[in-house]
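Novice:
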Ligand code: FES
Ligand SMILES: [Fe+2]
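Protein chains in written order, with our numbering: chain A, 131 to 436; chain B, 43 to 144.
#1: Output the distance between the C-alpha atoms of residue 105/B and residue 189/A, rounded to the nearest integer angstrom.
#2: Report the residue ranges of all alpha helix (DSSP H) runs contained in full by the region 326-391 of chain A; include only those spanning at least 4 residues, in chain order.
#3: Is it buried or exposed, residue 387/A, if we count other Cβ atoms within 10 angstroms and call 16 or more buried?
#4: Within 10 angstroms of the Cβ of residue 410/A, are there 16 or more other Cβ atoms? Answer buried if so, exposed if not.
#5: Closer than 6 Å between the C-beta and any heavy atom of ligand 2: which residues qualify, listed along the chain?
#6: Measure the CB-CB distance between residue 182/A and residue 277/A and report whether it falls below 7 Å.
#7: Below 8 Å on C-beta distance, what does residue 136/B contact in chain A?
#8: Return helix, strand or coil for residue 66/B, following the three-state DSSP convention.
#9: Work out the CA separation of residue 264/A and residue 334/A for me, nearest whole Å.
#10: So if I threshold CB-CB distances at 9 Å, which residues from the region 385-401 of chain A count as touching chain B?
#11: In whole angstroms, what separates the C-alpha of residue 218/A from that of residue 424/A?
#12: For residue 172/A and chain B, any beta-carbon pair shorter than 7 Å?
#13: I'd like to know if residue 438/A contacts chain B, where contact means its C-beta is closer than 7 Å to some C-beta of that chain.
#14: My output table needs one value for residue 429/A: the three-state DSSP class, helix, strand or coil.
#15: Can you tell me whether residue 93/B is buried or exposed? The criterion is at least 16 other CB atoms within 10 Å of its CB, across all chains shown.
#16: Looking only at its chain, what residues have a beta carbon closer than 6 Å to the beta carbon of residue 78/B, apart from the 5 residues adjacent to it on each side?
#17: Could you work out which residues of chain B lie near residue 147/A, taking near to mean beta carbons separated by less than 9 Å?
#18: Taking only beta-carbon atoms, is residue 190/A less than 7 Å away from chain B?
#19: Just to confirm my understanding: we take residue 304/A, look at its own chain, exclude 5 residues before and 5 after, and list those with CB closer than 6 Å. What are they?
#20: Using beta-carbon positions only, say whether residue 308/A and residue 345/A come within less than 7 Å of one another.
#21: For the region 365-386 of chain A, enumerate the residues whose C-beta is nearer than 7 Å to any C-beta of chain B, in chain order.
#22: Determine the DSSP secondary structure at residue 198/A, reduced to helix, strand or coil.
#23: Closer than 8 Å is the cut-off here; do at least three beta carbon pairs connect the region 55-62 of chain B with the region 418-436 of chain A?
#24: Kindly list the residues whose CB is nearer than 8 Å to the CB of residue 136/B, restricted to its own chain and excluding five residues on each side of it in sequence; keep chain order.
#25: For residue 278/A, name the three-state secondary structure that DSSP assigns.
#26: Please identify, using Cβ separations under 9 Å, the residues of the region 58-84 of chain B that lie next to chain A, in order along the chain.
#27: Closer than 8 Å between beta carbons: that is the criterion. Which residues of the region 183-208 of chain A meet it against chain B?
#28: Just list the residues that DSSP pairs residue 139/A with in beta bridges.
#29: Under 6 Å: does the beta carbon of residue 120/B sit that close to some heavy atom of ligand 1?
#30: Runs of 3 residues minimum, wholly inside the region 80-108 of chain B: which ones carry the beta strand (DSSP E) assignment?
#31: Based on DSSP bridge pairs, tell me the residues matched to residue 173/A.
#32: Pop quiz: residue 229/A and residue 252/A are said to be a contact at Cβ under 8 Å. What is the actual Cβ separation, rounded to whole angstroms?
#33: Grouping DSSP H, G and I as helix and E and B as strand, with all else coil, what is residue 406/A?
#34: Does the beta carbon of residue 87/B sit closer than 7 Å to a beta carbon anywhere in chain A?
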């Protein structure tokens, strides 16, 4: 098995101001599927092609933003191994009992240097992707809206950027895949735990713990354009796109959920291997790095977080 | 029903319908003055102080407007719909990316 340690982003728990509006957005408009609810009023969702029971948890709240993001590790041994390594790095950990989130095993929980909460877990109930595992069809029928394929990554704004990146690379074994630098100061870091262009990204910022966006994969550029149609048809607040990123090469569009959390749907980004070189964008070229066609930074894209 | 909204800071005026929020009214004819972000009450960049006028307000993130502020006429413009002419002051701003000192 080539995958060890941290396998992938497992879920993101987002705070929402109105659960019904949030469900219309994530399910009817983006195509996620509701799989459970709990007695705290949280609603569990997954994208159609995900096997595990949920990848998004919507938490009713009086504020917006990200409660936590969780990564799935390959084995129970990995869980205790990373628990020690996180502690050795100097970050406190706690254990969240199995079942605190329906269907999720025990979690190791900690606040990374940039002020965001992350959890690790090894087990989650698997309910399948609505396609048989024998003679599987290419896609299931009846998926709504943008037909998001999977929860892919988050981009976060936090303080103590350098320490955050050191933590993710040294304690959690993620690789730096791509970066934006201004001289010898890193402004943005795109980190990968496997073959994807990135699984999480951080931007240097002064406030801790902010969410820039939670991102979902689509199948093609044509699907990104179709998502843009849906954004207009359903009067969803658009941020930027459709366009292409220089960073990761992805085709993308950004918009906001009904609580002001930014979402991205994207397609056709790049990939990497453990021996791939780090890709670097210089600050002078940051417009092109972010929006490859216009080469112009957008104020709302840079300056709005939840 | 449509009402006049005046941004005290700049003197900019625009019209906003009862069923619209203030940012939508402002943007409709390309007017500017209040920073525009998520348009969903979550990011806080459109924070304003309403100095006169009647309005209705939808749920706003408590990270940006406390209950006490809400009682004192502070609101997120993207969650405010007018019920009379409105005068306001801009409080919010887009966040600055930390660009290192050279
Ligand atoms: S634009 Fe984000 S709270 Fe109004
Ligand atoms: Fe992204």
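Glycine residues also receive a C-beta, built at the ideal position from the N, C-alpha and C atoms.
Specialist: The structure says:
#1: 16 Å
#2: 351-363
#3: buried
#4: By the C-beta density criterion, residue 410/A is exposed, having fewer than 16 other C-beta atoms within 10 angstroms.
#5: A distance filter of 6 Å between CB atoms and the heavy atoms of ligand 2 selects the following residues in sequence order: 283/A, 285/A, 343/A, 345/A and 394/A.
#6: no
#7: 429, 430, 432, 433 and 434
#8: helix
#9: 46 Å
#10: 386, 387, 388, 389, 390, 391 and 392
#11: Rounded to the nearest angstrom, the two C-alpha atoms are 45 Å apart.
#12: no
#13: Residue 438/A is absent from the structure shown; chain A starts at 131 and stops at 436.
#14: helix
#15: Residue 93/B is exposed by the Cβ-count criterion.
#16: 65
#17: 82, 83, 84, 100, 101, 102 and 103
#18: no
#19: 298, 321 and 323
#20: no
#21: 367 and 386
#22: DSSP places residue 198/A in strand when its eight states are reduced to three.
#23: Between the region 55-62 of chain B and the region 418-436 of chain A there are fewer than three inter-stretch CB-CB distances shorter than 8 Å, so the stretches are not counted as touching.
#24: So the qualifying residues of the chain are 77, 79 and 87.
#25: coil
#26: When C-beta distances to chain A are compared with 9 Å, the residues of the region 58-84 of chain B below that value are 77, 78, 79, 80, 81, 82, 83 and 84, in chain order.
#27: With the criterion set as a beta carbon lying under 8 Å from some beta carbon of chain B, the members of the region 183-208 of chain A are 192, 193, 194 and 195, in sequence order.
#28: 201/A
#29: Distances from the CB of residue 120/B to the heavy atoms of ligand 1 include at least one below 6 Å.
#30: 89-94 and 97-99
#31: DSSP links residue 173/A through a beta bridge to 167/A and 188/A.
#32: At roughly 14 Å, the Cβ-Cβ gap does not stay under 8 Å, so residue 229/A and residue 252/A are not in contact.
#33: Note: residue 406/A maps to coil in three-state DSSP.
#34: Judged by the 7 Å Cβ criterion, residue 87/B is in contact with chain A.
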